[in-house]
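K.L.:
Let me give you the structure first, and then I'll get to my questions.
Protein chains: 2
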Amino acid sequence: MALPKALENYRQFYRKIKTFQDIGSVLHWDSEVMMPPSGREYRAKQIAEISGLTHEWTVGPEYKDLIEKAVQSLSEVPQTQKSLWEREFSVLEDERKKAEKLPAEFVTEFSETTNLAHAVWAEAKKNQKFSDFSEILEKIVGLSRKQADYIGYTTEPYDVLLDSYEKDAKASEIDQLFQDLKKELVPIVESAPYFESPFSSRTTSKEKQEKLCKRLPPLLGLSFDVSRLDVSHHPFSTSLGKADKRITTRYSESDPLSSIFGVLHETGHSLYEAGLSEIEDWPSPLTEFLSLGIHESQSRLWENQVGRSRSFWEFLYPILISDFGLTEKDISFTDLYKSINSTKKSKIRVEADQVTYNLHIILRFEIERDLINGKIKVKDLPELWNSKVKEYLGLKIENDSEGVLQDIHWSMGGFGYFPTYTLGNIFSSQFFAAFEKETSGYQNSFAKDGDFSSLLKWLRSKIHHQGKIQDVNSLVSSATGESPNAKYLIQYLKSKVSEVGTI
Amino acid sequence: MALPKALENYRQFYRKIKTFQDIGSVLHWDSEVMMPPSGREYRAKQIAEISGLTHEWTVGPEYKDLIEKAVQSLSEVPQTQKSLWEREFSVLEDERKKAEKLPAEFVTEFSETTNLAHAVWAEAKKNQKFSDFSEILEKIVGLSRKQADYIGYTTEPYDVLLDSYEKDAKASEIDQLFQDLKKELVPIVESAPYFESPFSSRTTSKEKQEKLCKRLPPLLGLSFDVSRLDVSHHPFSTSLGKADKRITTRYSESDPLSSIFGVLHETGHSLYEAGLSEIEDWPSPLTEFLSLGIHESQSRLWENQVGRSRSFWEFLYPILISDFGLTEKDISFTDLYKSINSTKKSKIRVEADQVTYNLHIILRFEIERDLINGKIKVKDLPELWNSKVKEYLGLKIENDSEGVLQDIHWSMGGFGYFPTYTLGNIFSSQFFAAFEKETSGYQNSFAKDGDFSSLLKWLRSKIHHQGKIQDVNSLVSSATGESPNAKYLIQYLKSKVSEVGTI
Ligand SMILES: [Zn+2]
Ligand SMILES: [Zn+2]
């Protein structure tokens, strides 16, 4: 049966917006990966024009009217399809209504302030001086709370900000998950062994790394018919269109493992995007990614649960040895495997291993939540930061650049973003545990055949093809049979740490 | 003094259109150079959306109104600036009014027909059967004449089509130039010597060619701060923004000269675009390229007048020898220089040398002009084509694929495009002769220092920075002191042919 015309009209407008957003992704990918340096200024203008236009369309009266008419026409839709359409409009209107509540002057002020703050932050970080950043950070915190006030909240202002990245998440629930995790993590970190990377004493050329890295996306199921692997300053993945999901990495001659794990991580993101594009009526509001936490669960799953597993390396080790022009005597399987699962307390989040990483996130979540909720002041951040690092990781921060100034997020007004990283770790462990339970002998296919299709198939049906049909909690529950909980991440880390401690 | 508000408003709208056109260029460049194969379908949609939008804006009532108000406000502009503004609006309105005269149904039919024709042409060419293409070609010819009727002409319908590519050109004037040229060319071709390429018997790796080719754009004055060199199926150059002018080439292991001359050619195009972007109030209608003939003159000048000159190769020869891992015994300067300036009658335009190339163009011009003006019929094309090839080049066409079906242009409705190639050759010779006369000792800088800045400086001031301020005839006259004429091209080819015939 054909769609009521009003639904078709609204969807057409939606698709137009989506097409232009994807054009923005092309412009962005090119600017990070290909653009000659002097192109920057004009490209910024191109990107601003595209986002201006899509924003205008999204909040403008034409779209609003099309949506209203479409909602009215739902009475003509067969009962069986009705609830999907209702979900679609609820997802859509939630975003639109939030945007509507923010006065235009506020949006302008927010974006001007954060644009300015980026340079101030970078300079303060260079000079290791938090006090140079605190004034503008205070302004950003103030604006973020104002944003929460405009949109409205029931429990705490921080929930509003969180909601932009992790739909429907509540700080109190995340706090529960994170406290469970923290309690266990601190002793795990204490007992976890550290192993030096066997690569750190030798040089591995970019060409050798690239040869190996280019094998990985197709191996996991991301064909180069729909993807590319390139180099950029910060690795990322992006969707430029229905069948165009690109990833980047960077190569360090003294640390080839970082490019390998970067590629596994970004491939996981792109596999999710590729799976979403397979949903029958892509693109629609229900074929967009569900939340940042779910997105990150897909990257972390391939990076950690798969990429640090024994069976994965049983397959990849001989290929690595050959691609890198080494012998088994140069680097043994055991040394490689141990270094991949090594733990070391460190001060910098982006350099952290899979165990300590979550402590970095938990401390940021605790601090930014209190900051937004008005329980602490900007000027107290360095001291608070340093004492938490001492408490959770036993390390002494020597200057603000290796402490509270290390991350870009707050300068961009990105409060509520950090917790999604650890939510990703929690979800990925829970997903993988459910997959394991349902799939006997998968290790054999991983290790002997380099065949990961059983896992991809599971993810496609349980996660990717679900799109935005359910909310995060129901997705996790229906995929794993349990509400989101930290048990499986704790289990995974404990058993990993004990395994590598005894070989 | 500030601009009248109405002028500022109109320019702002102009710049918006231009920004989106440049976004279209990013999408196109990416699709030819970077995009994974499966991205094609969705990318076509993105490109169609962008060109739909820019077309809508260009012919829409808002722009028309802004232009009308801007024109009215010219009375407030100081006398000294008035004529420039008048030229700007005359250029602008000329294009807009032409577009207005074409009914929307006609534009749709034209584009649907040519879209269809592309596949028909490709299939007919594959099967060497012109008769399979003739029906749709007849339709395109009919539509093209209809287009000329809608727009209106004084002398002949072909002038209207020509005007889209070479503003203000008249077929009768081009015919005069081309007949002068043809009369001289036919005997030159007869006497011109052929020399085998010294590379044809050896393999030159893509890497070696790339090493040399990457030296060329910066050498000529196109820095990689504002450019890139990549590989694509058909070499091209494109402007993606004010300081983002990219070129492509392709590499053949048996013919490294083709990549070198491809890069010189495309660099010439991009140097012109880079020069246009240096004009103070870029972007405006007067900072766009003047005509395809002028654009092509800039590529041909660097490819032929510079790139096939003795002084250029005195500089580049030792570098080529070293980059290619050869010695002077492998390939001597003289053999290289002779092969670069070798002449050979051939049936395929895109493989033709600098001398015979123009005969390929002249025969196309003669045929397409008569076709559009109704003097000949589509069904007579093969016979006519073959007899002209026999007459001008002494060659016998064996099948339509090496004859009348070889080029894509007519299937796209591109009547009037071909002559701009030879206009480019005519202009480039005339420009270079004027530069030579004004610049003593330039050969020494070329040969000893690889310093081409005297030439670039001349082109910048006489051509590039002139933008669209004058029409083609006045530009050529003011740059060279003479109206466009074929004398310098004939002189150049004659002296080249006699030089390489006696060394
Ligand atoms: Zn990620
Ligand atoms: Zn050209």
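Quick mapping for you: the protein sequence lines, in order, are chains A and B.
Numbered according to numbering that gives the first Met the number 0, the first sequence spans residues 0 to 502.
Numbered according to numbering that gives the first Met the number 0, the second sequence spans residues 0 to 502.
Even for Gly, the Cβ is constructed at its ideal location relative to N, Cα and C.
From the DSSP output, which residues share a beta bridge with Ile-246/A?
P.N.:
Counted from its first residue, the first sequence places residue 246/A at position 247. Answer by DSSP bridge pairing, in chain order: Leu-228/A and Ser-236/A.
K.L.:
Any chance the CB of Ser-310/A is under 7 angstroms from a heavy atom of ligand 2?
P.N.:
Locating residue 310/A in the first sequence gives position 311, counting from the first residue. Result no, Cβ not under 7 angstroms from ligand 2.
K.L.:
How big is the Cα-Cα spacing for Ser-477/A and Ala-433/A?
P.N.:
Translated into positions along the first sequence, residue 477/A becomes position 478. Translated into positions along the first sequence, residue 433/A becomes position 434. Spanning the two alpha carbons is a distance of roughly 11 angstroms.
K.L.:
Is Ser-338/A closer than 8 angstroms to Pro-197/A when the C-beta atoms are compared?
P.N.:
In the first sequence, the residue the question calls residue 197/A occupies position 198. In the first sequence, the residue the question calls residue 338/A occupies position 339. Contact flag set, yes.
K.L.:
Excluding five sequence neighbours on each side, which residues of the same chain lie with their C-beta closer than 7 angstroms to the C-beta of Arg-534/A?
P.N.:
Residue 534/A is absent from the model: chain A starts at 0 and stops at 502.
K.L.:
Closer than 6 angstroms is what we want: which residues have a beta carbon that near any heavy atom of ligand 1? List them in chain order.
P.N.:
Per the Cβ criterion, the list is His-264/A, His-268/A, Glu-295/A and Ser-298/A.
K.L.:
Using the three-state DSSP reduction, which class does Lys-210/B fall into: helix, strand or coil?
P.N.:
Translated into positions along the second sequence, residue 210/B becomes position 211. Helix, per DSSP.
K.L.:
By the three-class DSSP mapping on this structure, what secondary structure does Leu-380/B have?
P.N.:
Residue numbering aside, residue 380/B sits at position 381 when the second sequence is read from its first letter. Leu-380/B falls in the helix class under three-state DSSP.
K.L.:
If you measure beta-carbon to beta-carbon, which residues of the stretch 30-52 of chain B are closer than 8 angstroms to chain A?
P.N.:
Under the 8 angstroms Cβ criterion, the stretch 30-52 of chain B contributes Met-33, Met-34, Pro-35, Pro-36, Ser-37, Gly-38, Glu-40, Tyr-41, Arg-42, Lys-44, Gln-45, Glu-48 and Ile-49.
K.L.:
Just to confirm, are Trp-301/A and Leu-256/A a CB contact at a threshold of 8 angstroms?
P.N.:
Stepping through the first sequence from its first residue, residue 301/A is reached at position 302. Stepping through the first sequence from its first residue, residue 256/A is reached at position 257. Not a contact, by the Cβ cut-off of 8 angstroms.
K.L.:
Quick check: what's the CA-CA separation for Ile-347/A versus Glu-382/A?
P.N.:
Sequence index remark: in the first sequence, residue 347/A carries index 348 (1-based). Sequence index remark: in the first sequence, residue 382/A carries index 383 (1-based). If you take the alpha carbons of Ile-347/A and Glu-382/A, they lie about 17 angstroms apart.
K.L.:
Given a limit of 9 angstroms on CB to CB distance, which residues of the stretch 204-229 of chain B reach chain A?
P.N.:
Within the stretch 204-229 of chain B, the qualifying residues are Ser-222, Phe-223, Asp-224, Val-225, Ser-226, Arg-227 and Asp-229.
K.L.:
Write down every uninterrupted run of the alpha helix (DSSP H) in the stretch 402-432 of chain A whose length is 4 residues or greater and which is fully enclosed by it, in chain order.
P.N.:
As far as the stretch 402-432 of chain A is concerned, it has no whole alpha helix (DSSP H) run of at least 4 residues.
K.L.:
What span of residues does the alpha helix (DSSP H) with Thr-266/A cover, start to end?
P.N.:
Counting from one through the first sequence, the residue named residue 266/A turns up at place 267. Run containing Thr-266/A: 255-276, per the alpha helix (DSSP H) assignment.
K.L.:
What residue range does the alpha helix (DSSP H) around Pro-186/B cover?
P.N.:
Along the second sequence, read from residue 1 onward, the residue named residue 186/B stands at position 187. 170-190 is the extent of the alpha helix (DSSP H) around Pro-186/B.
K.L.:
Are Tyr-526/B and Lys-343/B touching if we call contact CB-CB under 8 angstroms?
P.N.:
For chain B, the structure presents residues 0 to 502; residue 526/B sits outside this window and is missing.
K.L.:
Is the beta carbon of Ile-371/B less than 8 angstroms from the beta carbon of Phe-414/B?
P.N.:
Mapped onto the second sequence, residue 371/B falls at position 372. Mapped onto the second sequence, residue 414/B falls at position 415. Taking 8 angstroms as the Cβ cut-off, Ile-371/B and Phe-414/B qualify as a contacting pair.
K.L.:
Determine the chain B residues that contact Ile-320/A at a beta-carbon separation under 9 angstroms, and present them in chain order.
P.N.:
Taking the first sequence and counting its residues from 1, the one referred to as residue 320/A is at position 321. Residues of chain B passing the Cβ test: none, with the nearest at roughly 26 angstroms.
K.L.:
Look up Gly-151/A in the DSSP assignment and say whether it is helix, strand or coil.
P.N.:
One-based indexing of the first sequence puts residue 151/A at position 152. In the structure shown, Gly-151/A sits in coil (DSSP, three-state: anything other than H, G, I, E or B).
K.L.:
Can you tell me the Cα-Cα spacing of Ile-375/A and Gly-423/A, whole angstroms?
P.N.:
The residue you call residue 375/A lines up with position 376 of the first sequence. The residue you call residue 423/A lines up with position 424 of the first sequence. Cα to Cα, Ile-375/A sits roughly 27 angstroms from Gly-423/A.
K.L.:
How should Gln-208/B be labelled, buried or exposed, when 16 other C-beta atoms within 10 angstroms of its C-beta is the threshold for buried?
P.N.:
Translated into positions along the second sequence, residue 208/B becomes position 209. Buried, because 16 or more other Cβ atoms sit within 10 Å of the Cβ of Gln-208/B.
K.L.:
Would you say Leu-176/B and Ala-485/B are within 8 angstroms of each other, going by their C-beta atoms?
P.N.:
The sequence position of residue 176/B within the second sequence is 177, counting from 1. The sequence position of residue 485/B within the second sequence is 486, counting from 1. Yes. Within cutoff.
K.L.:
Just curious, the alpha helix (DSSP H) that Lys-337/A is in, first and last residue?
P.N.:
What you label residue 337/A is simply residue 338 of the first sequence in a count that begins at 1. That run of the alpha helix (DSSP H) goes 332-339.
K.L.:
Alpha carbon to alpha carbon, what distance is there between Val-377/B and Ser-133/B?
P.N.:
Walking along the second sequence from the start, residue 133/B turns up at place 134. Walking along the second sequence from the start, residue 377/B turns up at place 378. Taking the straight line joining both Cα atoms gives about 6 angstroms.
K.L.:
Distance, Cα to Cα, Pro-35/A vs Asp-29/A?
P.N.:
In the first sequence, the residue the question calls residue 35/A occupies position 36. In the first sequence, the residue the question calls residue 29/A occupies position 30. Near 9 angstroms, if we compare the C-alpha coordinates of Asp-29/A and Pro-35/A.
K.L.:
What separation, rounded to the nearest whole angstrom, lies between the Cα atoms of Glu-172/A and Ser-444/A?
P.N.:
What you label residue 172/A is simply residue 173 of the first sequence in a count that begins at 1. What you label residue 444/A is simply residue 445 of the first sequence in a count that begins at 1. About 37 angstroms.
K.L.:
Determine whether the Cβ of Lys-17/B lies closer than 8 angstroms to any Cβ atom of chain A.
P.N.:
The residue given as residue 17/B occupies position 18 in the second sequence. No, Lys-17/B lies away from the interface with chain A (no Cβ there is under 8 angstroms from its Cβ).
K.L.:
With a 10 Å radius around its C-beta and 16 neighbouring C-beta atoms as the bar for buried, classify Pro-102/A as buried or exposed.
P.N.:
Numbered from 1 along the first sequence, position 103 holds the residue referred to as residue 102/A. Exposed.
K.L.:
Report yes or no: do three or more beta-carbon pairs, one from the stretch 437-452 of chain A and one from the stretch 154-172 of chain A, lie closer than 8 angstroms?
P.N.:
Segments in contact, no.
K.L.:
Cα separation between Ser-400/B and Lys-125/B?
P.N.:
Walking along the second sequence from the start, residue 400/B turns up at place 401. Walking along the second sequence from the start, residue 125/B turns up at place 126. Ser-400/B and Lys-125/B: Cα-Cα distance of roughly 7 angstroms.
K.L.:
Among Ser-253/B, Lys-181/B and Ala-43/B, which one has its Cα closest to the Cα of Glu-387/B?
P.N.:
Along the second sequence, read from residue 1 onward, the residue named residue 387/B stands at position 388. The question names Glu, yet the displayed sequence has Lys at residue 387/B. Ranking the options by Cα distance to Lys-387/B, first place goes to Lys-181/B.
K.L.:
Grouping DSSP H, G and I as helix and E and B as strand, with all else coil, what is Gly-324/A?
P.N.:
Locating residue 324/A in the first sequence gives position 325, where the first residue counts as 1. Residue state, collapsed to three classes: coil.
K.L.:
Going along chain A, which residues have a C-beta under 9 angstroms from Ile-278/B?
P.N.:
Position 279 of the second sequence, counted from the start, is the residue given in the question as residue 278/B. Ordered by position in chain A, no residue passes the 9 angstroms Cβ test against Ile-278/B, which lies about 15 angstroms from the chain.
K.L.:
Is the number of C-beta pairs between the stretch 106-115 of chain B and the stretch 62-69 of chain B that are closer than 8 angstroms three or more?
P.N.:
Because the criterion of three Cβ pairs below 8 angstroms is not met, the stretch 106-115 of chain B and the stretch 62-69 of chain B do not touch.
K.L.:
Please classify Ser-410/A: is it buried, with 16 or more other beta-carbons within 10 angstroms of its beta-carbon, or exposed?
P.N.:
Here the question's residue 410/A lines up with position 411 in the first sequence. Answer is buried; the Cβ neighbour count reaches 16.
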